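To start, the structure under review is shown below, and the notes come after it.
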Amino acid sequence: MSLPTDYDTPGASIPLHERRKVLIAFDNSPTAVKAYKWCLQKLLVPGQDHVLLTAVIDPDRPKQWYEPVSIEQAVEEELFMEMNMRRRLREIEENTQAILEDIAREIRAATAATTQIVVLSGRAPGPILCKCAEDARVDVLVVGTRGLSILKSNSGFRQRLLRSQFQVCRHRRQDRQHHRLAAEESAKICGQSLYLLGSDWKRPEGVFQ
Numbered sequence: 001m002s003l004p005t006d007y008d009t010p011g012a013s014i015p016l017h018e019r020r021k022v023l024i025a026f027d028n029s030p031t032a033v034k035a036y037k038w039c040l041q042k043l044l045v046p047g048q049d050h051v052l053l054t055a056v057i058d059p060d061r062p063k064q065w066y067e068p069v070s071i072e073q074a075v076e077e078e079l080f081m082e083m084n085m086r087r088r089l090r091e092i093e094e095n096t097q098a099i100l101e102d103i104a105r106e107i108r109a110a111t112a113a114t115t116q117i118v119v120l121s122g123r124a125p126g127p128i129l130c131k132c133a134e135d136a137r138v139d140v141l142v143v144g145t146r147g148l149s150i151l152k153s154n155s156g157f158r159q160r161l162l163r164s165q166f167q168v169c170r171h172r173r174q175d176r177q178h179h180r181l182a183a184e185e186s187a188k189i190c191g192q193s194l195y196l197l198g199s200d201w202k203r204p205e206g207v208f209q
């Protein structure tokens with residue numbers, strides 16, 4: 001597990017403890033990339049936010065943090081044998097950290113936000129992400145549509161969301177029917193302000209109060 005990394009933005013307009021806390025769950029998927037790009041353009045307020053870039057690495061599903069050739073080579077070299085597993089996981093964490101640091105630099109440059117990187121590992125990413133969000137007492141949580149399962153399985157986290165905003169970002173290729181059903185399900189689960197991004201990623205398609 002990597003320790004959180006804090007970045008202070010020179011000339012920040014308000015102190016860290018007064019900033020809105022925005023947690024962006026990032027898994028290096030196309031949807032996650034779209035989500036943080038949308039945050040840059042539509043969500044983050046210049047000089048007003050503190051962004052927690054959070055990744056949960058599932059050791060059973062590490063492929064999204066590597067190019068396919070690299071993971072295939074690792075298998076061929078039997079790096080997943082017991083003695084080498086921990087070394088491989090360290091490599092994955094380091095690679096993940098580097099990816100998030102690049103994103104953090106972009107966010108700071110574009111919005112003057114302060115940023116924090118949190119890299120966690122475990123075979124149950126949902127509950128781990130929930131605990132991270134609760135411990136940090138975030139004001140806004142941004143996830144992809146797969147994040148809806150987090151709400152279903154964590155009743156305590158649903159209660160926390162009653163005092164927060166929950167941003168659900170879907171992939172451009174997902175059809176509108178799926179998007180509508182996801183919106184309805186999300187509204188039932190968390191029962192509070194919920195924004196579901198439209199296919200053009202420019203404006204919310206549905207807003208639930």
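Note that full-length UniProt numbering numbers the sequence shown so that position 68 is 68, with each residue one more than the last. Just so you know, even glycine gets a beta-carbon here, dropped at the ideal spot from N, CA and C. Because the structure is a prediction, the values reported are computed rather than measured.
Beta-carbon gap between residue i and residue j smaller than 7 Å
{"i": "Leu-52", "j": "Ala-110", "result": "no"}
{"i": "Ala-35", "j": "Thr-54", "result": "no"}
Minimum C-alpha distance to residue i - residue among the options
{"i": "Leu-89", "options": "Ala-32, Arg-105, Glu-106, Arg-123", "result": "Arg-123"}
{"i": "Asp-139", "options": "Ile-14, Thr-114, Lys-21", "result": "Lys-21"}
{"i": "Ala-32", "options": "Gln-116, Thr-114, Ile-99, Lys-131", "result": "Ile-99"}
{"i": "Leu-16", "options": "Val-142, Gln-116, Lys-131, Val-143", "result": "Gln-116"}
{"i": "Asn-28", "options": "Gly-47, Cys-39, Asn-95, Glu-91", "result": "Asn-95"}
{"i": "Arg-105", "options": "Leu-40, Lys-131, Arg-86", "result": "Leu-40"}
{"i": "Ile-107", "options": "Glu-93, Gly-47, Val-143", "result": "Gly-47"}
{"i": "Asp-60", "options": "Gln-97, Arg-86, Val-143", "result": "Arg-86"}
Per DSSP, the bridge partner or partners of residue i
{"i": "Lys-21", "result": "His-50"}
{"i": "Ala-55", "result": "Val-119"}
{"i": "Thr-111", "result": "In the DSSP output, where bridge partners are listed per residue, Thr-111 has none listed."}
7 Å CB neighbourhood of residue i in its chain, flanking five on each side removed
{"i": "Ile-128", "result": "Val-56, Leu-120, Gly-122"}
{"i": "Glu-101", "result": "Ile-117"}
Chain-order list of residues whose beta-carbon lies under 8 Å from that of residue i (same chain, five-residue window excluded)
{"i": "Asp-58", "result": "Ser-121, Gly-122, Arg-123, Pro-125"}
{"i": "Ile-14", "result": "Gly-47, Gln-48"}
{"i": "Ile-103", "result": "Phe-26, Tyr-36, Leu-53"}
6 Å CB neighbourhood of residue i in its chain, flanking five on each side removed
{"i": "Asp-49", "result": "Arg-19, Arg-20, Val-22, Ala-113"}
{"i": "Lys-42", "result": "none"}
Interface flag, residue i vs chain D, CB-CB below 7 Å
{"i": "Lys-21", "result": "In the structure shown, chain D cannot be found, because there is only a single protein chain."}
Per-residue DSSP class, three states only, for residue i
{"i": "Ile-14", "result": "coil"}
{"i": "Val-45", "result": "coil"}
{"i": "Asp-135", "result": "helix"}
{"i": "Asp-102", "result": "helix"}
{"i": "Ala-35", "result": "helix"}
{"i": "Ser-155", "result": "The predicted position of Ser-155 is uncertain, since its pLDDT is 47 and thus under 50; a value taken from the coordinates is nonetheless stated next. Helix at Ser-155."}
Residue i beta carbon near the ligand GTP (any heavy atom closer than 6 Å)
{"i": "Tyr-36", "result": "The ligand GTP is not part of the structure shown, which contains no ligands of any sort."}
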